[in-house]
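First up is the structure itself, then whatever we jot down about it.
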Amino acid sequence: MRLTQGQFSFLPDLTDAEIRAQVQYALDQGWAVAVEFTDDPHPRNAYWEMWGTPLFDLRDAVGVMQEVTACRQVHAGRYVKVLAFDSTRGFETVRMSFLVGRPAEEPGFELVRSQGPGQQIQYTLRSYATGSPAGVRYAAPPPPAGGAT
Amino acid sequence: MSLVLSDPSAPVPATDAPPTAVDLEALHRDSGIDGLLDDMDRDLIGLVPVKTRIREIAALLLVERARRMLGLQAEPPALHMCFTGNPGTGKTTVARRMTGILHALGYVRRGHVVSVTRDDLVGQYIGHTAPKTKEVLKRAMGGVLFIDEAYYLFRPENERDYGQEAIEILLQVMEDSRDDLVVILAGYKDRMDTFFQSNPGMASRVAHHIDFPDYGPDELLRIAQVMMRDMQYRFSPDGTAAMADYIGRRMRQPRFANARSIRNALDRARLRQAGRLFATRDRLLDADDLQLITAEDLRKSRVFAE
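Those protein sequence lines, which keep their order, are chains C and G. Under numbering that gives the first Met the number 0, the first sequence has 130 at position 131, and the numbering climbs by one with no breaks. Under numbering that gives the first Met the number 0, the second sequence has 39 at position 40, and the numbering climbs by one with no breaks.
Here it is as structure tokens:
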């Protein structure tokens with residue numbers, strides 16, 4: 000099941016040129032861009048791990064793309080997203096967020112029903128992937144030729 | 000990543016085949032660098048060899064662009080530069096102008112200058128330097144990285160100095176990201192020469208060496224007048240004579256830093272002018288009084304004490 004979170008998630012995966020254009024838009028608005036990754040794609044998992052500190056004071060998207068590429072290489076089998084934070088007073092919030100990397104195979108979510116007293120049914124979602132311990136949840140794709148070890 | 004000629008007004012070939020002729024004059028006109036170069040000629044006093052070199056570089060870049068349009072060999076030109084000269088000769092100012100020209104010709108995408116010194120690049124402990132340098136490089140992407148007093152990066156007397164690490168990262172980026180970043184090194188001529196001797200890799204990657212000559216006394220006086228005009232002050236006639244006198248004396252003193260010394264002298268003259276006006280505050284002042292720097296304001300300087 001293809002994970003749909005954040006912007007553009009119902010579109011085909013963005014190409015690098017498209018990601019770069021979006022990042023450049025964010026930088027042109029004066030937002031700080033950050034790269035985050037996770038292997039727990041539950042929609043309520045708001046705290047993804049940060050790939051370094053957010054990138055402040057950048058003017059050109061090339062710097063962000065270097066980080067995106069590095070993060071995708073190291074965390075090839077995980078979800079990677081790009082965030083743009085608007086520090087303007089009154090906003091101080093994330094203005095953009097979109098996935099830039101996903102595992103080759105996404106097992107999706109299980110709908111868990113638990114029966115409580117009085118035939119009451121409680122529903123919850125569970126990612127199939129989180130059944131395995133962190134780090135081995137997704138099959139890592141073969142490393143790119145000549146890639147980092 | 001290929002360099003994109005983003006100028007929409009540049010002539011675009013109608014078909015996929017490269018055009019057979021290119022109008023250099025139109026290319027020149029559309030790039031708008033003429034205005035920038037003329038501004039530079041007008042605003043920057045003296046520096047004739049520097050201006051000539053920058054015009055040459057601008058012409059080279061324009062021709063390079065024309066070659067690209069005709070489908071000729073179009074290696075991205077090496078643009079890293081080295082500005083050498085004494086303090087206050089306008090290296091930083093020219094770097095900003097140069098950035099404007101590179102931006103107008105489409106050789107840097109954003110046209111900002113990130114000005115750094117050793118402290119911004121070199122860390123204090125093992126493993127600190129690389130992230131620090133990379134951070135600066137990321138900020139400079141799409142613009143110009145101006146490294147002031149670049150020779151401090153290399154400290155031959157300390158073989159465990161982290162400066163070498165910064166130089167190596169810098170070299171790699173200078174080579175790999177030529178489309179993304181232009182590096183300008185600046186500093187004193189003799190120390191820069193030593194730096195290049197001990198870092199041949201750096202020397203071979205810097206294509207343009209521009210030497211900034213010291214200003215002559217009359218150039219400094221014109222600089223003083225331009226600075227005064229920009230700050231909305233002006234000299235009284237005897238004030239101009241006093242300034243010329245001041246410049247002659249100051250140039251013979253140690254630690255003379257060309258235009259920077261002039262700026263400092265003017266700042267102190269403004270201070271004395273304010274003191275003079277304040278001492279006679281019982282009378283009404285008009286705009287002229289507030290703008291005028293008299294000989295008295297200048298002649299109280301320590302320079303005249305000897």
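Glycine residues also receive a C-beta, built at the ideal position from the N, C-alpha and C atoms.
List the residues that DSSP assigns as beta-bridge partners of residue i.
i, result
"K80 of chain C", "C:E35 and C:L98"
"T92 of chain C", "C:D85"
"T149 of chain C", "Any question about residue 149 of chain C goes unanswered here, given that chain C covers just 0 to 148."
"V182 of chain G", "G:L144"
"F366 of chain G", "A query on residue 366 of chain G cannot be resolved here, the shown segment of chain G reaching from 0 to 305 and no further."
"Q6 of chain C", "C:F97"
"E48 of chain C", "C:F36"
"L220 of chain C", "Lying before the first or after the last residue shown, residue 220 of chain C is absent from chain C, which here runs from 0 to 148."
Do you know offhand how far residue i's Cα is from residue j's?
i, j, result
"Y232 of chain G", "E218 of chain G", "19 Å"
"R58 of chain C", "V115 of chain G", "16 Å"
"L2 of chain G", "L104 of chain G", "A caution first: L2 of chain G carries a pLDDT of 45, below 50, which makes its placement in the model too unreliable to give a value."
"L98 of chain C", "V172 of chain G", "28 Å"
"L180 of chain G", "N85 of chain G", "26 Å"
"M97 of chain G", "D40 of chain G", "12 Å"
"L36 of chain G", "V21 of chain G", "22 Å"
"N263 of chain G", "S300 of chain G", "11 Å"
"F145 of chain G", "F82 of chain G", "10 Å"
"G134 of chain C", "P42 of chain C", "19 Å"
"V205 of chain G", "R154 of chain G", "20 Å"
"E109 of chain C", "T129 of chain C", "11 Å"
"M242 of chain G", "L276 of chain G", "20 Å"
"A258 of chain G", "M230 of chain G", "15 Å"
"P199 of chain G", "I166 of chain G", "11 Å"
"F194 of chain G", "K90 of chain G", "18 Å"
"H102 of chain G", "A31 of chain C", "23 Å"
"A129 of chain G", "G62 of chain C", "15 Å"
"M227 of chain G", "A278 of chain G", "23 Å"
"T19 of chain G", "A25 of chain G", "15 Å"
"R326 of chain G", "Q23 of chain C", "Given that chain G is displayed from residue 0 to residue 305, the structure contains no residue 326 of chain G and the question cannot be resolved."
"V79 of chain C", "M0 of chain C", "17 Å"
"I209 of chain G", "I100 of chain G", "16 Å"
"A268 of chain G", "R254 of chain G", "19 Å"
"R28 of chain G", "G34 of chain G", "9 Å"
Can you find a CB in chain G that lies within less than 8 Å of the CB of residue i?
i, result
"R58 of chain C", "yes"
"G130 of chain C", "no"
"L13 of chain C", "no"
"G62 of chain C", "yes"
"Q21 of chain C", "no"
"L54 of chain C", "yes"
"Q28 of chain C", "no"
"Q65 of chain C", "yes"
Report buried or exposed for residue i, applying the criterion of at least 16 other Cβ atoms within 10 angstroms of its Cβ.
i, result
"I125 of chain G", "exposed"
"Q196 of chain G", "exposed"
"V47 of chain G", "exposed"
"P158 of chain C", "In the structure as shown, chain C begins at 0 and stops at 148. Residue 158 of chain C is therefore absent and cannot be evaluated."
"E48 of chain C", "exposed"
"A60 of chain C", "buried"
"G87 of chain G", "buried"
"A103 of chain C", "exposed"
"E164 of chain G", "buried"
"V93 of chain C", "exposed"
"V73 of chain C", "exposed"
Taking CB distances under 8 Å as the criterion, tell me whether residue i reaches chain C.
i, result
"L250 of chain G", "Checking the sequence, you will find Met at residue 250 of chain G rather than Leu. No, no contact with chain C."
"K137 of chain G", "yes"
"D175 of chain G", "no"
"G238 of chain G", "no"
"R108 of chain G", "yes"
"G142 of chain G", "yes"
"H111 of chain G", "yes"
"D118 of chain G", "no"
"D285 of chain G", "no"
"D281 of chain G", "no"
"D179 of chain G", "yes"
Would you kindly report the start and end of the unbroken beta strand (DSSP E) that includes residue i?
i, result
"I209 of chain G", "H207 to F211"
"M80 of chain G", "M80 to G84"
"V113 of chain G", "V112 to V115"
At what residues does the alpha helix (DSSP H) containing residue i begin and finish?
i, result
"V135 of chain G", "T128 to A139"
"V22 of chain C", "D15 to D27"
"V63 of chain C", "A60 to V73"
"F153 of chain G", "Premise fails: F153 of chain G is in no alpha helix (DSSP H) and is neither H nor E."
"V377 of chain G", "Since the first and last residues shown for chain G are 0 and 305, residue 377 of chain G lies out of range."
"H27 of chain G", "L23 to S30"
"G274 of chain G", "N257 to A278"
"F195 of chain G", "K188 to S197"
"Q224 of chain G", "P216 to D229"
"Q163 of chain G", "G162 to D175"
"G99 of chain G", "K90 to A103"
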